[in-house]
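Residue numbers (my numbering): 4 to 294. Glycine is no exception: its CB is placed at the ideal position from the N, C-alpha and C atoms. Notes follow the structure.
Next up, the structure:
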């Protein structure tokens, strides 16, 4: 499936901002199942400084700086991305939970630090004995490991309510756990916390999801939104994605943007400003299929 993605971020300030520095992670990754054919980033007013690099996790990052007074900032990212389907492994590639748990308990289960580091707590995701107990209900010793993860994904989908008014980007995970309400960012953080609390490597994935309008209704431009899900690691098989918000395995409708320990590593746009007093943020995302 090929998509044209338009991600627009607008900041309006009550007073002039004299200088600002920003980091944008809005370039879709190139992966075995995904290819970014083109990408352009428009910044208005024009940036005084702009450079690109790759961050620690392999995400493409653009740093830009505004060094003249401005009352607004508009950042428009346009990409053409092609996405192919992904499959979960079958037995015997998919080991049982008891086999995987034994592997994770070995000191040398992985020589790859880029996998091992996703077992630890991170700034927005604490490890919790309570979440470990909740997750453990889905993990039977003789059940295939991936089936256990999918069972946990389904339980989170059923036990927690999607409520866009219940949280903000600053809401602590423990509050989401207590109230059983949140959005995709919260549910991704929650399942990662559950898995890490069992010693399973898991990472946060940011991206986009193509939404399908009701039958007979036209697509609404800008109605799509940034989305979040997670990847978990299966020894001998690699990383696999699950989407607890929708209780499914991401496929051709999920476009991967970036990944990290949690949202703080992959925020699409973040920065610091001097001045501005009060700011109003508006974000619009359009994911449109193209021939």
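Inset, instruction - Measure how close the beta-carbons of residue 122 and residue 258 come, nearest whole angstrom, since I'm counting them as under 8 Å. - result: Not quite, the Cβ-Cβ distance comes to about 27 Å (not below 8 Å), so this is no contact.
Legend entry - Backbone secondary structure at residue 296 - three-state DSSP: Here the chain comprises residues numbered 4 to 294, so residue 296 is not present and cannot be evaluated.
Inset, instruction - Could you check what DSSP says for residue 6 in three-state terms: helix, strand or coil? - result: Three-state DSSP puts residue 6 in a strand.
Inset, instruction - On a CA-only basis, which of 59, 49, 77, 63 is nearest residue 69? Give me that one, please. - result: Checked all of 59, 49, 77, 63; the closest Cα to residue 69 is 49.
Inset, instruction - To the nearest angstrom, report how far apart residue 109 and residue 116 are at their CA atoms. - result: When rounded, the distance between both Cα atoms is 14 Å.
Inset, instruction - Pull up the DSSP beta-bridge partners for residue 233, would you. - result: For residue 233, which the question treats as bridged, DSSP gives the partners 207, 245.
Inset, instruction - Please state if the CB of residue 28 and the CB of residue 271 are separated by a distance shorter than 8 Å. - result: Judged by beta-carbon spacing, residue 28 lies within the 8 Å limit of residue 271, meaning their Cβ atoms are closer than that value.
Inset, instruction - Check each candidate in 237, 238, 240, 233 and name the one with the smallest Cα separation from residue 246. - result: For the residues 237, 238, 240, 233, the minimum Cα distance to residue 246 belongs to 233.
Legend entry - Cβ neighbour criterion (16 or more within 10 Å) applied to residue 40: Result: exposed.
Inset, instruction - Using the Cα positions of residue 17 and residue 23, report the straight-line distance between them to the nearest angstrom. - result: Annotation: residue 17 to residue 23 spans about 15 Å, alpha carbon to alpha carbon.
Inset, instruction - Could you tell me which of 181, 8, 203 sits nearest to residue 79, measuring between CA atoms? - result: 8 is the residue among 181, 8, 203 whose C-alpha sits nearest the C-alpha of residue 79.
Inset, instruction - Would you kindly work out how many angstroms separate the C-alpha atoms of residue 205 and residue 126, rounded to a whole number? - result: Each residue's alpha carbon lies about 14 Å from the other.
Legend entry - Pairwise C-alpha distance: residue 105 and residue 291: Cα to Cα, residue 291 sits roughly 45 Å from residue 105.
Legend entry - Distance cut-off 7 Å: residue 23 Cβ against heavy atoms of the ligand HEM: Within the structure as shown, the ligand HEM is missing, as the structure has no ligands at all.
Inset, instruction - Identify the continuous alpha helix (DSSP H) that holds residue 192 and give its terminal residues. - result: Note, residue 192: alpha helix (DSSP H), 187 to 200.
Inset, instruction - List in chain order: all unbroken alpha helix (DSSP H) runs of 4+ residues lying wholly within the region 58 to 128. - result: Counting whole runs of 4 or more residues, the region 58 to 128 contains the alpha helix (DSSP H) stretches 100 to 108, 116 to 119.
Inset, instruction - Kindly identify the DSSP beta-bridge partner or partners of residue 41. - result: Beta-bridge pairing links residue 41 to 83.
Inset, instruction - Check whether the Cβ atoms of residue 237 and residue 107 sit closer than 8 Å, and answer yes or no. - result: Their beta carbons are not under 8 Å apart, which means residue 237 does not touch residue 107 by this criterion.
Legend entry - C-alpha distance - residue 198 paired with residue 170, whole-angstrom precision: Taking the straight line from one Cα to the other gives about 22 Å.
Legend entry - Limits of the unbroken beta strand (DSSP E) element including residue 156: Judged by DSSP secondary structure, residue 156 falls outside any beta strand (DSSP E) and instead within the alpha helix (DSSP H) spanning 148 to 162.
Legend entry - Contact under 8 Å by Cβ, residue 282 with residue 15: Cβ atoms of residue 282 and residue 15: closer than 8 Å.
Inset, instruction - Between the Cα of residue 266 and those of 285, 88, 124, spot the shortest distance and give me the residue it belongs to. - result: With distances taken between Cα atoms, residue 266 lies closest to 124.
Inset, instruction - Have a look at residue 231 and residue 72 and give me their C-alpha separation to the nearest angstrom. - result: Spanning the two alpha carbons is a distance of roughly 34 Å.
Inset, instruction - With a threshold of 16 other CB atoms inside 10 Å of the CB of residue 213, please say whether the residue is buried or exposed. - result: With 16 or more other Cβ atoms from the protein chains shown falling within 10 Å of its own Cβ, residue 213 counts as buried.
Legend entry - Rounded Cβ spacing between residue 86 and residue 248 (contact assumed at less than 8 Å): Residue 86 to residue 248, Cβ: 18 Å. No contact.
Inset, instruction - Using the Cα positions of residue 130 and residue 55, report the straight-line distance between them to the nearest angstrom. - result: Between residue 130 and residue 55, the C-alpha separation is close to 34 Å.
Inset, instruction - Give me the Cα-Cα distance between residue 45 and residue 133, rounded to the nearest whole angstrom. - result: Residue 45 and residue 133: Cα-Cα distance of roughly 45 Å.
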